[in-house]
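The block underneath contains the structure these notes are about, expressed in structure tokens.
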Amino acid sequence: MAEPRGLMVIGGGKMGEALVAGLIRTGWASPGAIVVVEHDQARRDELSGRHDALVVVGTIPAATQSIPLDGAVIAVKPADVEAVCRELARAGVRRVLSIAAGVTIASIESWLDPAAAVAVVRAMPNTPALVGAGAAAISPGSKAAPDDVSWARSVLEAVGSVVELPESALDAVTGLSGSGPAYVFLMAEALIDAGVLVGLARPVARELALGTLLGSARLLAETGEEPSALRAAVTSPGGTTAAGLRALEAAGVRNAMLEAVAAATERSRQLGRAGAG
Ligand SMILES: NC(=O)c1ccc[n+]([C@@H]2O[C@H](COP(=O)([O-])OP(=O)(O)OC[C@H]3O[C@@H](n4cnc5c(N)ncnc54)[C@H](OP(=O)(O)O)[C@@H]3O)[C@@H](O)[C@H]2O)c1
């Protein structure tokens, strides 16, 4: 287990709490070495109730108070990031990981104290992080050294897998893995409805559809096989799967997926240009 390290997480919402829970679960840090800064009193009470010994406060403390802090994670909504950066600059934080969607490294660096050379790493996580199975990309800022990137990677690896890419790739990451869970949820909904269509009770259809999605994803991940090879392996000549796949291809499912990822990527670019996050 790694040496216990200190971390400040600003924003104790869904993503902030998921990160904290993952960091505690994996032994990245003990609860007492994590400071969560959360505006909302009711939310602070919830966090303290759920995570023994976690330090939960309402405002950003000075970086050197009580716990030696390795760095800070910005997990507030994009519109709140500027204010948080300005507070972090006042607190003297030297290293920042931002998971705020659409907020550029250049903006974050300009809102932090430019003279203080704060290392910034920007990330695009996704919601399966809430159950420790996220897929995230990280991009180093202009002042981030390799050990800052390793630190950011280790934080996000507490809740899933992490790839490192230049910031210019983050719109594509948003289109694929950021928005991707919604595509899979849509497929799950459709599979359940399809099970009902062919005569299964809805709870049974749900159990079978979810088991199929989860099992197929695990098979892909654990065998390391290409999806096409696994698909061929379950498609016998003239069989039921071939008939089902023909219907999917005729309905344009493959092309729909290409269009979905391309549309979401383009939308992410548009939002970035508009500065809307
Ligand atoms: N959820 C996702 O799937 C996902 C995926 C990728 C990236 N992200 C990014 O992750 C970030 C967090 O998302 P989320 O879904 O966890 O949001 P959330 O549930 O709204 O959590 C943000 C929390 O931060 C608090 N907050 C705001 N400003 C603060 C400040 N200055 N100091 C302390 N606390 C402050 C908010 O309190 P108030 O509500 O009282 O302001 C809220 O409780 C967002 O930037 C989002 O773009 C999320």
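Going left to right, the sequence shown walks through residues 531 to 807 as the numbering used here numbers them.
Just so it is clear, CB atoms sit at the ideal spot from N, CA and C, and this is done for glycine as well.
If you're wondering where the values come from, they're calculated on a predicted model, not measured in any experiment.
Segment limits, beta strand (DSSP E) that includes residue i
i	result
residue 628	625-628
residue 670	664-670
residue 694	690-694
residue 705	Run containing residue 705: none; DSSP gives neither H nor E here.
residue 537	537-540
Own chain partners of residue i with C-beta closer than 6 Å, once the 5 adjacent residues on each side are dropped
i	result
residue 574	568, 586
residue 659	548, 689, 690
residue 881	Any property of residue 881 remains undetermined from this structure, which presents the chain solely from 531 to 807.
residue 701	795, 798, 799
Spatial neighbours of residue i in its chain, beta-carbon cut-off 8 Å, leaving aside the 5 residues before and after
i	result
residue 694	667, 668, 669, 670, 679, 683
residue 772	765, 766
residue 742	721
residue 589	567, 617
residue 536	559, 563, 564, 565, 597, 598, 599, 600
Where residue i falls, given that 16 or more other Cβ within 10 Å makes a residue buried
i	result
residue 739	buried
residue 628	buried
residue 728	exposed
residue 734	exposed
residue 634	buried
Endpoints, alpha helix (DSSP H) assigned at residue i
i	result
residue 725	710-727
residue 544	544-555
Beta-bridge pairing of residue i - partner residues as DSSP gives them
i	result
residue 654	667
residue 646	DSSP output for residue 646 lists no bridge partner at all.
residue 586	566
residue 603	539, 627
Own chain, CB closer than 7 Å to residue i, minus 5 neighbours either side, in chain order
i	result
residue 552	662, 688, 689
residue 759	none
residue 545	605, 629, 655, 659
Stretch-stretch touch, CB-based, cutoff 8 Å, three pairs: the segment 781-795 with the segment 699-712: Segments in contact, yes.
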